[in-house]
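Novice: There's a structure below that I have some questions on.
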Amino acid sequence: MRSRWLLGIVSFLLANSGFAATGSAAWELGPTQARYSITLYGDLECPFCKDYFPQISKWIASQSDVNLRWQHLPLSAHEPMASREAQYAECAGKLGGNQSFWKATQMIYAQTQGNGSGIPKGLPVIADIDHSAMRECMADENIQSEIQKQVLAAQRKGINATPSLVVTDHKTERDVLLTGPADENVLLSALDALAVTDATQMFK
């Protein structure tokens, strides 16, 4: 099964190497200096993302040389709640640091009804983050602008669905786009394919 995925990913790489390279990201889960980064384009109201986030987080925790990065991609079908939750997660990170961003993301996915319905009891309370500071941050147009910049950047790369992942090998400077909730076999196949400097030699 894994070899079949590997063949498909290599074929994609041959046609699309450098398609959607990702740079530095504010929020990273896992080892900072990892060889590989998986950038997750997510919508906090996306039901598929809600199911997938715990899976990818658990997988990242089991890897010694892979980290997870986040890019907001709130979908119009889930507005306005998707962008509001994105602002909340960004503010949590701004006020409490990297760990608070991921905590907010985890809490939102755990509590939201999804598909734009949001959280029945309102956005979660995160320990050690001042409520007045959070309210002020939520009203900050710069936070809203940052999220919109991420959306536009994703769209320029042709990324319009969630979850989507860009897997990047920082050593070979190659990357591949995976659309949908990629499982362990697909992710490992992507890493194998990216690690080969000349993908045409993979099956010789």
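According to mature numbering (1 follows the signal peptide of the UniProt record, and there is no 0), the stretch in the sequence shown is residues -20 to -1, 1 to 184, in order.
Virtual Cβ for every residue (Gly too), placed ideally from N, Cα, C.
Buried or exposed: where does residue 97 fall if 16 or more other Cβ atoms within 10 Å of its Cβ makes it buried?
Specialist: Position 117 of the sequence shown holds residue 97. Result: exposed.
Novice: Thinking just about the alpha-carbon of each residue, which of 25, 45 and 11 is nearest to the one in residue 172?
Specialist: As a first step, residue 172 is located in the sequence shown; it is residue number 192 there, counting from the start. Of the listed residues, the one whose Cα sits closest to residue 172 is 45.
Novice: Apart from the five residues just before and just after residue 15, which ones in its own chain have a Cβ nearer than 7 Å to its Cβ?
Specialist: As a working mapping, residue 15 is identified with position 35 in the sequence shown. Cβ neighbours of residue 15 within its own chain (closer than 7 Å, five residues either side excluded): 45, 149, 150 and 151.
Novice: If I measure Cβ to Cβ from residue 40 and keep anything under 8 Å in the same chain, skipping five residues before and after, which residues do I get?
Specialist: Within the sequence shown, residue 40 is the residue found at index 60, counting from 1. Closer than 8 Å at the Cβ level, and outside the excluded window around residue 40, lie 9, 10, 18, 46, 47 and 48.
Novice: Rounded to the nearest angstrom, how far is the Cβ of residue 93 from that of residue 104, given a contact under 8 Å?
Specialist: Here residue 93 refers to the residue found at position 113 when the sequence shown is read from its first residue. Here residue 104 refers to the residue found at position 124 when the sequence shown is read from its first residue. Rounded, the Cβ-Cβ distance is 14 Å, inconsistent with contact.
Novice: Can you tell me whether residue 4 is buried or exposed? The criterion is at least 16 other CB atoms within 10 Å of its CB, across all chains shown.
Specialist: Working through the sequence shown from its first residue, we reach residue 4 at position 24. Model confidence at residue 4 stands at a pLDDT of 46, short of 50, so the residue's coordinates are unreliable; what they give is reported in the following sentence. When all chains shown are included, residue 4 counts as exposed.
Novice: In chain order, what are the residue ranges of uninterrupted beta strand (DSSP E) at least 3 long that sit wholly in the stretch 136 to 168?
Specialist: 144 to 149 and 154 to 159
Novice: Check whether the stretch 17 to 36 touches the stretch 108 to 116, counting contact only when three or more Cβ pairs, one atom from each stretch, lie closer than 8 Å.
Specialist: no
Novice: Going by C-alpha distance, which of 129, 157 and 154 is nearest residue 54?
Specialist: Locating residue 54 in the sequence shown gives position 74, counting from the first residue. Taking only the C-alpha atoms, the option nearest residue 54 is 129.
Novice: Mapping the DSSP letters down to three states, classify residue 22 as helix, strand or coil.
Specialist: Locating residue 22 in the sequence shown gives position 42, where the first residue counts as 1. Correct three-state label for residue 22: strand.
Novice: Would you list, in sequence order, the uninterrupted alpha helix (DSSP H) runs of no fewer than 4 residues that lie entirely inside the stretch 65 to 109?
Specialist: 78 to 91
Novice: Taking its Cβ as the centre, do 16 or more other Cβ atoms sit within 10 Å of residue 85, making it buried, or is it exposed?
Specialist: In the sequence shown, residue 85 corresponds to position 105, counting from 1. Residue 85 is buried by the Cβ-count criterion.
Novice: Can you tell me the Cβ-Cβ gap for residue 20 and residue 145, rounded? I've got them flagged as a contact below 8 Å.
Specialist: Indexing the sequence shown from 1 puts residue 20 at position 40. Indexing the sequence shown from 1 puts residue 145 at position 165. About 6 Å; that satisfies the 8 Å criterion.
Novice: Mind checking which residues open and close the beta strand (DSSP E) that includes residue 49?
Specialist: By 1-based counting over the sequence shown, the position of residue 49 is 69. Where residue 49 is concerned, the enclosing beta strand (DSSP E) stretches over 46 to 52.
Novice: Can you tell me the Cα-Cα spacing of residue 29 and residue 158, whole angstroms?
Specialist: As a first step, residue 29 is located in the sequence shown; it is residue number 49 there, counting from the start. As a first step, residue 158 is located in the sequence shown; it is residue number 178 there, counting from the start. Whole-angstrom Cα-Cα distance: 14 Å.
Novice: Can you pull the DSSP bridge partners for residue 17?
Specialist: Taking the sequence shown and counting its residues from 1, the one referred to as residue 17 is at position 37. Answer by DSSP bridge pairing, in chain order: 47 and 148.
Novice: Which partner residues does residue 9 have in the DSSP bridge list?
Specialist: Within the sequence shown, the letter at position 29 stands for residue 9. Looking at the DSSP assignment, residue 9 forms a beta bridge with 48.
Novice: Alpha carbon to alpha carbon, how far is residue 71 from residue 126? Give it in angstroms, no decimals.
Specialist: Here residue 126 refers to the residue found at position 146 of the sequence shown. Here residue 71 refers to the residue found at position 91 of the sequence shown. In a straight line, the C-alpha of residue 126 is about 11 Å away from that of residue 71.
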